[in-house]
Amino acid sequence: MQSKALWLISLLYGFLYSSSCFFAADTTDDIKQLTRNVQKISSPGTPGQICVFGEKAFVVVVGNVDDGVVMPVVGASRLGKGRVVVFGHSGYLGDLPTYREHDTAKFFQNSMSWAAGGRENPKITVIGDNEFKGRMKSIGLTFTENKLDASELLIANPDQILDTDVERIVSFIRNGGGLITAETGWGWKQLNPNKSLHTGLIANRILNKAGLAIADGTLNDNAPDGFYVGKTTPEFSHAGKAFSMIESQSKGGLKPGGRNGARQISTSIVGAMNALPRNESSWVPRVLEFSKSQQTSTIPSSKKPIELDNAPARIAMVIQSQDEKTLPPMLVKANPAAKIFPGFVPTEVKRLEYHSLNLNTGTPGWHSTGLYAAPGEIVRFKLPIDALNMGLVARIGCHSDTLWELDSWPRHPDITRSFPLKRASTNTACSFGGLVYVEVTNPRKKTVNIEISGAVEAPTYFHGKTTVEDWKATIRNRKAPWGELVTDKVILTLPSESLRKLENPKPLMDYWNRILDLDAELAGIPKNRPRPERIICDEQISAGYMHAGYPIMTLMDQKFHFANLADLQKPYGYPGNWGIFHELGHNHQVDAWTFEGTGEVTCNIFSFYIMDKLCGVPPKDFKDGNSEKFIEHYKVFLKDGKPNFQKWKSDPGLALCMYAQLQKEFGWDAYKKVFAAYHSLKPEDMPKNDLEKRDLWMVMFSKTVNRNLGPFFRAWGIPVSKKALESIQNMSPWIPPEMKELVKP
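This is how it looks when you write it as structure tokens:
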């Protein structure tokens, strides 16, 4: 009797719980059809995330965000009588290497059949440019072009979908048609920095109707060179189900299991809210209503960060960010969190009524103005008529990393804002304030005079223009919370507290220029750069301790190292700042000579070079980098009997030994000649896959030094082709003497 009562209570609780939560249709048969005879699909480049939130939408394949957290790389849904499949990388549509790898071709065929209502050979139409159509033909598809009425399946490049296409495509799907599309959301955002995925990518307006969206964020493989298919996907990688759990929690319902459950739920919901427009009608209103009902603190700090288990606060911050990003400048107010980071501007500091900027539009990227916008205050830009169609953009704020995917938010995750300069007068404002920039998106040889008003002066040193006397007397004491040290090779963005301690910026920036010149010297590129590198300190960054890119980002502990010459030279008691040399190395890497497993290795060739030429520490003397240590590493590497490439490419420190040995034997001139030779390769001679990258690196280095490096590559277990080995067989073979006796025939 007691057992029966407990069973009834459990059943009743389950009914109440499920009725209050998001309900998704049974998609078991759909998933079986999509994944039939498929175990693994390829991973083209770095795929982006797909948001799955609708009642009839479901997750098909997931990739790793980080340990224990996943997001969809393939999602699908039913819409009316029709069906939709969306992939998180454009390479899934017709890219031959992607299509041929693993079970990708079979999965794509399954997707076409399922989306077309089970038809094995559906009538297909394609929307896309000639290159896209060529890719479709290359995988054997026969199709018409943009003739939906006579088709059962549409395969569309989302970049070529127009406003006028949206309603007819939605109608086509609702009436029984299928849609397959794919886009790398994070890549699209990089190419469209002043647009949002939820409004600027028109394909999302179609996908949203089906409970799907192409989202921001990258994914990592969960299988060797790809993604597993057919395995159970975590329930809360579906944002709708994740949010239902949060709703239930707020009512005292079930809670997700463990830390990873909370992380998964938070990641899914935040990702969805960032991917969806405010006017999405089926799911977003529930989230907005929930946020209103919660009393949350949305002022993060390093002492009290917003953690992943505080889902209500996180949801509120996403909504707050969306609101602030879309408000017209006249309605923007200072966000209270700005006082903590990036900082407030004292009210007594004079706002400039006029500042003239002579902009060289031949230099792409951000141009420093030497000005700072106070949080929530209007900064006005005036342009001449002939500059209105040049693609210029006003940017407020330098801390462009967004933190939405991170476990902890010590600052607000999104604190910058941009405005296209398409009118003679443009008002701008950012609720967090920030340094003021003009961004050149379409370089051309022209100087434009821009008038800026409403900002305050920031402590800014322009190398070769600002005098040391002016810097010491007035400029470094300006009251904006951030400033910059600017050269035509590198720009440092630092909190003003560290700049005010700097007595003489000239020798410091001469040193920084030397670093960049050494990078260029080794890379075989001109020392006069198309644009300066940018390095910015931040309270929190999107990945790691530092990361490369434009800008290079680093944490706040570097704010004094970078602005003090003696400290920069020996920041931790050892010559050189390896961390920043490493990130600058990333920015000089060339994909053609960076094969799999060397992404965190070949950048350090540049670190070695700067340590040698600037800091007096050659690779053989660098910490554990001497010859004896090489052999110790190599003996451990060989302890299982044979060199193992998988082990080699999983250990950047071990892999770096190989590159250091080449430098020790053949010197830096060999590297310079090899890197320069890559620049002169014709497009058709560039490597097209990882094997070709390894082959070309071995052959080009061998020919440069006139030695057969085949035995050396074999000793380290680096796979190369027979053809490549035969092309260098007439040269004298080389392997370091200290390795020779350890290598088994």
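Numbering (my numbering), first residue to last: 3 to 747. Quick reminder that beta carbons are idealized off the backbone N, C-alpha and C, glycines included.
Looking at C-alpha atoms only, which residue of the options is the closest neighbour of residue i?
i           : options               : result
residue 451 : 360, 413, 390 and 476 : 360
residue 501 : 463, 692, 471 and 512 : 463
residue 40  : 734, 61, 113 and 159  : 113
residue 370 : 436, 440 and 356      : 440
residue 697 : 598, 562 and 657      : 598
residue 683 : 745, 668, 595 and 660 : 595
residue 676 : 465, 701 and 352      : 701
residue 660 : 706, 692, 606 and 674 : 606
residue 106 : 42, 488 and 663       : 42
residue 302 : 542, 169, 235 and 552 : 542
Report the rounded CA-to-CA distance for residue i versus residue j, giving the unit in angstroms.
i           : j           : result
residue 265 : residue 310 : 6 angstroms
residue 195 : residue 442 : 12 angstroms
residue 312 : residue 402 : 24 angstroms
residue 191 : residue 165 : 19 angstroms
residue 717 : residue 566 : 44 angstroms
residue 24  : residue 358 : Summary for residue 24: the model assigns pLDDT 48, below 50, so the residue's position carries little reliability; its value from the coordinates is reported in the next sentence. Rounded to the nearest angstrom, the two C-alpha atoms are 56 angstroms apart.
residue 420 : residue 376 : 15 angstroms
residue 445 : residue 532 : 10 angstroms
residue 584 : residue 600 : 13 angstroms
residue 297 : residue 316 : 12 angstroms
residue 223 : residue 715 : 27 angstroms
residue 321 : residue 576 : 46 angstroms
residue 735 : residue 668 : 14 angstroms
residue 744 : residue 415 : 52 angstroms
residue 254 : residue 208 : Caution is warranted here: a pLDDT of 45 is assigned to residue 254, below 50, making its placement in the model unreliable, and no coordinate value can be reported.
Would you check if the distance between the CB atom of residue i and the CB atom of residue j is smaller than 7 angstroms?
i           : j           : result
residue 163 : residue 128 : no
residue 283 : residue 244 : no
residue 454 : residue 383 : yes
residue 55  : residue 274 : yes
residue 318 : residue 53  : no
residue 36  : residue 211 : no
residue 480 : residue 460 : yes
residue 713 : residue 737 : yes
residue 239 : residue 74  : yes
residue 378 : residue 433 : yes
residue 504 : residue 564 : no
residue 733 : residue 709 : yes
residue 497 : residue 561 : yes
residue 587 : residue 609 : yes
residue 380 : residue 429 : yes
Starting from residue i, trace the alpha helix (DSSP H) in both directions and tell me its first and last residue.
i           : result
residue 207 : 205-211
residue 288 : 286-295
residue 748 : Residue 748 lies beyond the residue range present for the chain, which begins at 3 and ends at 747; the question has no answer from this structure.
residue 661 : 654-681
residue 188 : 187-193
residue 422 : No alpha helix (DSSP H) contains residue 422, which is instead part of the beta strand (DSSP E) from 419-422.
residue 132 : 132-140
Quick one: what does DSSP say residue i is sitting in, helix, strand or coil?
i           : result
residue 168 : helix
residue 730 : coil
residue 384 : strand
residue 745 : coil
residue 81  : strand
residue 24  : Low per-residue confidence applies at residue 24: pLDDT is 48, beneath 50, and the placement is therefore not dependable, though the value from the model is reported in the following sentence. Coil, per DSSP.
residue 368 : strand
residue 635 : helix
residue 539 : strand
residue 621 : helix
residue 359 : strand
residue 397 : strand
residue 736 : coil
residue 112 : helix
residue 328 : helix
residue 152 : helix
residue 301 : coil
residue 555 : strand
residue 11  : Note on residue 11: pLDDT 32, under 50, position unreliable in the model; the coordinate value appears next. Residue 11 falls in the helix class under three-state DSSP.
residue 591 : coil
residue 410 : strand
residue 451 : strand
residue 482 : coil
Along the chain, where does the beta strand (DSSP E) containing residue i start, and where does it finish?
i           : result
residue 438 : 436-442
residue 59  : 59-68
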